[in-house]
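As structure tokens, the structure follows; a few thoughts come after it.
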Amino acid sequence: AFNGMFNRFLEFNDIACQKYGYPRNDLLKLTPKDLLAPGMKIRVQKHVDTLLANKRHIFETMHQSSEGRVFPVEISAFLFDYKNQTTVLSIVRDITKRRRMEEQIRQTHKLESLGTLTGGIAHDFNNILSAIIGYAELSRTIIPENEKAYDYAKKILKAGHRAKALTQQILTFSRQDRLEPQPVLIKPVVEETLKLLKASLPASIEIHERIETHARVLGDPTRIHQIVMNLCTNASHAMRKDGGALEVGLVRISSDSSCHLEYTELKPKPYIHLWVRDTGCGMPPDVVKRIFDPFFTTKAPGEGTGMGLAVVHGIVSELDGIIHVTSEPSKGTHFDIFLPETLKGSETEAAQPRDTTPPSGTGRILFVDDEPDIVEIAEALLLDLGYSVITHTRAADALERFKAEADTIDAVITDMTMPQIPGDQLAKAMLSIRPDIPVIICTGFSEKMDKAQALELGMKGYLMKPLAKSKLAGLLMEILPKKATDS
Numbered sequence: 005a006f007n008g009m010f011n012r013f014l015e016f017n018d019i020a021c022q023k024y025g026y027p028r029n030d031l032l033k034l035t036p037k038d039l040l041a042p043g044m045k046i047r048v049q050k051h052v053d054t055l056l057a058n059k060r061h062i063f064e065t066m067h068q069s070s071e072g073r074v075f076p077v078e079i080s081a082f083l084f085d086y087k088n089q090t091t092v093l094s095i096v097r098d099i100t101k102r103r104r105m106e107e108q109i110r111q112t113h114k115l116e117s118l119g120t121l122t123g124g125i126a127h128d129f130n131n132i133l134s135a136i137i138g139y140a141e142l143s144r145t146i147i148p149e150n151e152k153a154y155d156y157a158k159k160i161l162k163a164g165h166r167a168k169a170l171t172q173q174i175l176t177f178s179r180q181d182r183l184e185p186q187p188v189l190i191k192p193v194v195e196e197t198l199k200l201l202k203a204s205l206p207a208s209i210e211i212h213e214r215i216e217t218h219a220r221v222l223g224d225p226t227r228i229h230q231i232v233m234n235l236c237t238n239a240s241h242a243m244r245k246d247g248g249a250l251e252v253g254l255v256r257i258s259s260d261s262s263c264h265l266e267y268t269e270l271k272p273k274p275y276i277h278l279w280v281r282d283t284g285c286g287m288p289p290d291v292v293k294r295i296f297d298p299f300f301t302t303k304a305p306g307e308g309t310g311m312g313l314a315v316v317h318g319i320v321s322e323l324d325g326i327i328h329v330t331s332e333p334s335k336g337t338h339f340d341i342f343l344p345e346t347l348k349g350s351e352t353e354a355a356q357p358r359d360t361t362p363p364s365g366t367g368r369i370l371f372v373d374d375e376p377d378i379v380e381i382a383e384a385l386l387l388d389l390g391y392s393v394i395t396h397t398r399a400a401d402a403l404e405r406f407k408a409e410a411d412t413i414d415a416v417i418t419d420m421t422m423p424q425i426p427g428d429q430l431a432k433a434m435l436s437i438r439p440d441i442p443v444i445i446c447t448g449f450s451e452k453m454d455k456a457q458a459l460e461l462g463m464k465g466y467l468m469k470p471l472a473k474s475k476l477a478g479l480l481m482e483i484l485p486k487k488a489t490d491s
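According to the working numbering, the sequence shown is numbered sequentially starting from 5.
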């Protein structure tokens, strides 16, 4: 409380003394303006005028403690007479945690909007990429290996697969590239990633490890690998000029650990705490605010796409985790990630290398896609695998063909995103005619379809574009009835 006429404090409670860091007698010598952070005095005057006019007012401003720590506050002020003097009673709340949560909500909404945009771009880009990779792959099958054109085709394929990897990062960020979560033992994934990093980091960067837990998370080993690789790569770039130390830690925290008090977003359950810390150049606050934005980068042109940290944010959100970053120029950057622990099942082992020779088969395939280039490529790939092929670029035409020849068709492969009749509706119509027909749905991006939804709708397979010949061949061998694959 303070005297409004003389602008003098009358009393403070004990919590206020602790928050501002002053003994009570010293605090009583100050005026309300002395508690304001720099630059706030002019801004607060309008709130004072409102209080005088309305007798009560609630507003937000910034205060600072005796040590100079600036923090946001919400002030509920009430004007009344006390001993014939105008007096103000103020209830001051530290709203640091609330501001942090509001900022996280804004960040999440912004990333979701950008995710929708980038997901749509990825769909169109995947169709273009399908043509580039497909024609390059077909060219290699007809060009002798000793000709220069064969090497050109190989280089086109290599560039195409690099572009495909970038598209996968975009889809990961937009959270549309959804995979079936499985229990993953996180320790070996992190250790394997660090082995790869050690081979590429300069000698001026030391790696310190603290990998202590054997706990599991629900996810995918590739996702965990991406998190560690992207964060460590980001850290190494921050230290490449002067060197430094890179610390990677992995521990389990219980449901009642002190972390739950520090990070209020954590639910009351065990988590896996993964951190990556560096002693590099650090970042100013305005850069920290933007580091999770897709395509934002402080690197020189050609040194990065700006997708790495956006991908990390997308993966952590997908795994129902949280990520925090603290950084200071010239002192380094700390990333802290918390992923919920799971007790389900055993760890998902890394996939074993498979025979790269695509299996051939026999049978009559109906292929549907509204992109003529993709239809042409798929037809050539399927013919090369030994199948006979019927193709259509209009879903309505494909449905009429199926109605007439359903008994002679062994499988259907359809695009998801097509005009007039989407792939899921086309598949539903065909399954109503012949419930046992194996259907594979393909997509470069779709908000309406993932693998689980495809299987729930009665389809036998789900493939992401650009279509890989080996994956397509393997899936057909799995789903086609014996009569179609037996030669």
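Even for Gly, the Cβ is constructed at its ideal location relative to N, Cα and C. Here the structure is a predicted model, which means the values were calculated and not measured.
DSSP places ARG227 in the uninterrupted alpha helix (DSSP H) bounded by 225-243. Beta-carbon to beta-carbon, ALA400 and ILE425 are separated by about 6 Å, close enough to satisfy the 8 Å threshold. In chain order, SER321 place their CB closer than 8 Å to the CB of THR112, counting only its own chain and leaving out the 5 sequence neighbours on each side. In the DSSP annotation of this structure, the continuous segment of the beta strand (DSSP E) that includes THR65 starts and ends at 60-68. PHE129 and GLU149 have their C-alpha atoms spaced approximately 29 Å apart. Around the beta-carbon of LYS168, 16 or more other beta-carbon atoms lie within 10 Å, marking it buried. Measuring C-alpha to C-alpha distances from ALA239 to each of GLY43, VAL77, LEU250 identifies LEU250 as the nearest. Across the structure, PHE339 and PHE75 are spaced so that their CA atoms are roughly 22 Å apart. Assignment of THR283 by DSSP, reduced to helix, strand and coil, places it in the coil class. Sorting THR197, LYS87, THR91, ILE99 by C-alpha distance to the C-alpha of GLU64 places ILE99 at the top. Around PRO376, the same chain offers THR397 as residues with beta carbons nearer than 7 Å, after the five sequence neighbours per side are excluded. When DSSP states are grouped into helix, strand and coil, GLU266 belongs to the helix group. The beta-bridge partner set that DSSP reports for GLY336 consists of GLU332. Taken in chain order, the whole alpha helix (DSSP H) runs of length 4 or more contained in the segment 104-165 number zero.
In the structure shown, LEU93 falls within a strand segment according to DSSP collapsed to helix, strand and coil.
The C-beta distance from LEU484 to GLY367 rounds to 5 Å, short enough to meet the 8 Å contact threshold. Segment contact: the segment 314-329 against the segment 250-264, fewer than three CB-CB distances shorter than 8 Å; contact not assigned.
In chain order, ASN11 place their CB closer than 6 Å to the CB of THR35, counting only its own chain and leaving out the 5 sequence neighbours on each side.
A contact between stretches requires three or more CB pairs, one per stretch, nearer than 8 Å, and the segment 205-213 meets this requirement with the segment 241-249. Under the three-state reduction of DSSP, GLN186 is assigned to strand.
By the Cβ rule, the segment 132-148 counts as touching the segment 468-485, because three or more pairs are nearer than 8 Å. A distance below 8 Å separates the beta carbons of VAL96 and VAL77. In the three-state DSSP reduction, ASP85 falls in the strand class (E or B).
Cβ contact annotation for VAL379 (same chain, cutoff 7 Å, sequence separation greater than five): PHE371, ASP373, THR395, THR397, in chain order.
Check the Cα spacing between ILE445 and each of ALA415, THR283, SER474, GLN68: the tightest is with ALA415. No residue range can be given for ASP411, since it is assigned to no alpha helix (DSSP H) and is classified by DSSP as neither H nor E. For ARG438, same chain residues with a beta-carbon under 6 Å away, outside a window of 5 residues either side, are ALA410 in chain order.
Under the three-state reduction of DSSP output, ARG73 falls in the coil class, being neither helix nor strand.
For LEU39, there is no enclosing alpha helix (DSSP H), as DSSP marks it with neither H nor E. Contact fails between the segment 183-201 and the segment 140-159, because fewer than three Cβ pairs, one in each stretch, are under 8 Å apart. Within a 10 Å sphere around the beta-carbon of MET105 sit fewer than 16 other beta-carbons, which makes this residue exposed. By the neighbour-count definition (other C-beta atoms within 10 Å, threshold 16), GLY365 is a buried residue.
Excluding five sequence positions before and after THR330, the CB atoms of its chain that fall closer than 6 Å to its own CB belong to HIS338, given in chain order. The three-state reading of DSSP puts ASP419 in strand, counting E and B together. Taking the C-beta atoms as reference points, GLU332 is found no nearer than 8 Å to GLY284. In the displayed model, HIS212 falls within a strand according to three-state DSSP.
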